[in-house]
Structures are given as C-alpha cells and as structure tokens.
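In my numbering, the protein residues as written are 209 to 427. The beta-carbon is built from N, C-alpha and C at its ideal position, and this holds for glycine as well. Keep in mind that this is a model prediction, so the values were computed, not measured.
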Ligand code: DX5
Ligand code: ZN
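This is how it looks when you write it as structure tokens:
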C-alpha cells in the first residue's frame with residue numbers, strides 16, 4: 209500500500225443530515241465509512257444500531273466498516289450484516305470465545321476484524337491472527353469521539369506490523385482514535401494502513417482537505 213486508506217467515523221457527523229454527510233465524505237476521497245456501535249455496557253456511551261447502519265448503507269457505495277463496542281456481539285452479528293456491514297469488528301475484551309465469533313462473522317459473508325483496547329496486549333490475537341482480515345488498534349479508550357490520542361500505543365502497532373509481515377498475512381491494521389492531519393504520519397509509519405478519523409474529518413470545515421492531508425501522511 210502506498211498511502212493510507214481513510215475511514216471517516218460518522219460518530220462526529222451531523223445525524224440530522226446523515227445521508228448528506230456520508231455522501232460528502234464519499235465524494236471527498238473517503239475509502240470506507242466507519243460506524244461506531246456502542247451499547248452503554250461495554251463502553252459508557254450508546255450510539256448506533258442496525259437501523260442507522262442501514263441508513264448509512266443506503267447513503268453510499270463505499271465499504272461499511274462496523275465497529276462493535278458491545279458485549280455479546282454474536283447476538284447482533286446477523287442484524288448488522290443484514291443492515292449492510294461489509295467489515296465487522298468485535299472487541300477481543302468483549303468475546304469469551306473469540307475464535308468462534310470470528311468464524312461467525314465470516315460465515316455471514318463479512319470481513320472479520322478484532323479490535324483491542326489501548327491496555328490490551330496484541331498477543332491476545334496470536335491464535336486468531338491468521339483468520340483476521342483486520343485488526344483495529346484502539347488509540348483512544350473506546351466510547352467517545354474527539355479524545356486525545358494515547359501515543360504510547362504506537363509500539364504496539366509496530367510490533368503487530370512486524371508480526372503480520374513476518375507471517376506473510378494480508379491482514380490490515382486499522383488505527384482508531386485521535387487521528388488528525390497533523391499526526392497521521394506517525395500512524396502510517398508505525399504500520400497502520402487504514403486510519404479512522406471522526407472529529408478530524410467531520411469537525412473540519414473543509415472535509416476534502418482534511419482527507420487529502422491525512423492521506424498525504426504517507427509522503
Ligand atoms: C471511539 C471510536 C472511534 C472514534 C474516532 O470509541 O471507536 O471511531 O469515534 O473519533 P476521533 O477521530 O474523533 O477520535
Ligand atoms: Zn471506531
């Protein structure tokens with residue numbers, strides 16, 4: 209990959225005009241649309257469910273990247289897949305039988321991702337890594353948009369990058385939280401090739417310029 213893919217998080221969009229907001233970033237160079245699902249149990253906040261996910265699906269043709277910050281995600285995987293999720297990520301911390309959950313996502317025909325919190329060691333992924341299409345490294349504590357980046361997480365991204373490369377896997381690494389045009393280079397050079405940005409894109413007056421600037425992080 210020669211430059212990062214960018215997945216704007218709709219958490220920071222104006223939900224009163226969600227379809228227009230998504231269409232705007234889709235026309236401005238976004239690669240995926242990131243949907244942050246929160247249940248008020250795994251994280252303190254409550255956000256989006258399958259209904260809004262389906263509305264996001266109808267608003268663009270980009271891959272829909274659904275990040276489930278919920279307990280017992282297996283109960284809801286079919287609903288989110290049916291709502292149009294192309295990529296589904298669950299949290300390692302929320303899954304008692306992570307391997308089974310990953311297989312469940314794949315059986316539904318979606319690409320499978322696993323997210324890990326800032327304090328979680330990447331070795332929890334050792335025995336599922338070969339099955340994953342995506343690893344989501346949380347660079348903030350999940351629950352809210354607009355938080356400050358926890359930059360002590362960068363060495364974890366680097367270690368995971370080397371492990372994936374040494375195994376010759378196609379697994380993508382996504383960094384989620386605190387990505388802005390002025391720090392995107394650090395994420396890219398650590399080895400994260402998909403960058404989620406909520407407030408960094410939707411909070412910018414010129415979203416196309418913000419997306420261009422984040423993508424320019426590779427140079
Ligand atoms: C945090 C979410 C992130 C977040 C990103 O729980 O998973 O996707 O919305 O937002 P920013 O870019 O504002 O940190
Ligand atoms: Zn997210």
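| Asked | Found |
| --- | --- |
| What is the chain-ordered set of residues for which the beta carbon lies under 6 Å from any non-hydrogen atom of the ligand GDP? | As far as ligands go, the structure on display features the ligand DX5 and the ligand ZN and does not contain the ligand GDP. |
| Considering just the uninterrupted stretch of the beta strand (DSSP E) at residue 382, what are its terminal residues? | 380-384 |
| If you count every other CB in all the chains shown that lies within 10 Å of the CB of residue 209, and 16 or more means buried, which is it? | exposed |
| Taking a contact to mean a Cβ-Cβ separation below 8 Å, would you say residue 236 touches residue 413 in this structure? | no |
| Identify every residue that forms a DSSP beta bridge with residue 319. | 295 |
| For residue 291, I'd like the list of residues in its chain whose CB is within less than 7 Å of its CB, leaving aside the five on either flank, ordered along the chain. | 258, 261, 262, 265 |
| What residue range is occupied by the uninterrupted alpha helix (DSSP H) comprising residue 373? | 362-375 |
| If I measure Cβ to Cβ from residue 361 and keep anything under 7 Å in the same chain, skipping five residues before and after, which residues do I get? | 326, 345, 347 |
| Go to residue 242, then tell me how far its beta strand (DSSP E) extends in each direction, as first and last residue. | 241-246 |
| Tell me which residue opens and which closes the beta strand (DSSP E) that residue 276 is part of. | 272-277 |
| By the 10 Å Cβ neighbour count, where 16 or more other Cβ atoms means buried, how is residue 283 classified, buried or exposed? | exposed |
| By Cβ distance below 7 Å, which residues in the same chain neighbour residue 401 in space, the five residues on each side in sequence not counted? | 209, 212, 213, 380, 381 |
| At the level of alpha carbons, what is the spacing between residue 231 and residue 301? | 33 Å |
| Just the Cα atoms here: how many angstroms apart are residue 390 and residue 383? | 15 Å |
| Given a cut-off of 8 Å, decide if residue 387 and residue 408 are closer than it, judged by their beta-carbon atoms. | yes |
| Could you work out which residue in 355, 253, 251, 297 is closest to residue 272 when comparing CA atoms only? | 297 |
| For residue 403, report the span of its beta strand (DSSP E) as first-last. | 402-405 |
| Is any heavy atom in the ligand DX5 found nearer than 7 Å to the beta carbon of residue 352? | yes |
| For residue 219, is the beta carbon positioned less than 7 Å from some heavy atom of the ligand DX5? | yes |
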